[in-house]
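Numbering (the numbering used here), first residue to last: 215 to 460. Where is the CB? At the ideal position from N, CA and C, for every residue including glycine. Remember, it's a predicted structure, so these values are computed and weren't measured experimentally. Accompanying notes for the structure given below.
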Ligand code: SF4
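Listed below in structure tokens is the structure:
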């Protein structure tokens, strides 16, 4: 896709419903596209939309081996409800064992460096494997989640993985997502009803208080509020050139 074409598509998609954006993804990339889901509320709404367009829509997830029980329950519910095969990517066990041997099971509480090491082993490396097999990946990122996410485009060329990252919910609010989930009776993680707007690994996520930032419950013990990412969603700065695929 040419850079000018990407700009035109983004302009056109800016006012589009997320389903229209997913329809474009499905038409353009077919089974070379997949949703990357952490099974949060946004991801569940998106998967429901994607599945309505294409019952064989692909969904991938990263099992860090430290997820809350409620998330594993939702994975099972989703597979049953939609007849979906959830493509699950796990960390390399030798890397997990080496990390735990040297840092301990809960090494991430000891330093930011340790936390990044753990996210690297349990998330980023499996992500790289997952994304090496797709031309486009769909995320549930929203601009009003703030920080770097405030600058996302709906469709971005992802230089790091040489593919397209698509954010159909970029313009939606958390309330719109919740309304969709209620209207279509989409299964969701019961932790959302217990004060968790954002859900990651069990030891690194807590409920938030009213008025707190929606991502305040992630790595809450760290003092830097700009460090609420784990390396999965780095905003792309580069754009495709005329030689890029798709
Ligand atoms: S969120 Fe916590 S447990 Fe999960 S990979 Fe990152 S540091 Fe490790």
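Mind checking residue i: buried by the 16 CB within 10 Å criterion, or exposed?
{"i": "residue 219", "result": "exposed"}
{"i": "residue 311", "result": "exposed"}
{"i": "residue 306", "result": "exposed"}
{"i": "residue 429", "result": "buried"}
{"i": "residue 259", "result": "buried"}
{"i": "residue 265", "result": "buried"}
{"i": "residue 435", "result": "exposed"}
{"i": "residue 457", "result": "Confidence in residue 457 is poor, its pLDDT being 31 and thus under 50, which makes the residue's placement unreliable; the coordinate value appears in the next sentence. Counting Cβ neighbours within 10 Å, residue 457 comes out exposed, since fewer than 16 surround it."}
{"i": "residue 251", "result": "buried"}
{"i": "residue 424", "result": "exposed"}
Excluding the five sequence neighbours on either side, which residues of its own chain have a C-beta within less than 6 Å of the C-beta of residue i, listed in chain order?
{"i": "residue 404", "result": "284"}
{"i": "residue 413", "result": "254, 403, 405 and 419"}
{"i": "residue 375", "result": "345"}
I'd like the list of long-range same chain contacts for residue i, defined as Cβ closer than 8 Å, with 5 residues on each side in sequence excluded.
{"i": "residue 267", "result": "233, 236, 237 and 240"}
{"i": "residue 270", "result": "245"}
{"i": "residue 387", "result": "356 and 358"}
{"i": "residue 221", "result": "none"}
What residue range is occupied by the uninterrupted beta strand (DSSP E) comprising residue i?
{"i": "residue 249", "result": "247-250"}
{"i": "residue 351", "result": "350-352"}
{"i": "residue 371", "result": "369-372"}
{"i": "residue 378", "result": "377-380"}
Does the Cβ of residue i lie closer than 7 Å to at least one heavy atom of the ligand SF4?
{"i": "residue 280", "result": "yes"}
{"i": "residue 414", "result": "yes"}
{"i": "residue 429", "result": "no"}
{"i": "residue 322", "result": "yes"}
Whose C-beta lies closer than 7 Å to the C-beta of residue i among residues of the same chain, with five residues either side of it excluded?
{"i": "residue 224", "result": "367, 368 and 369"}
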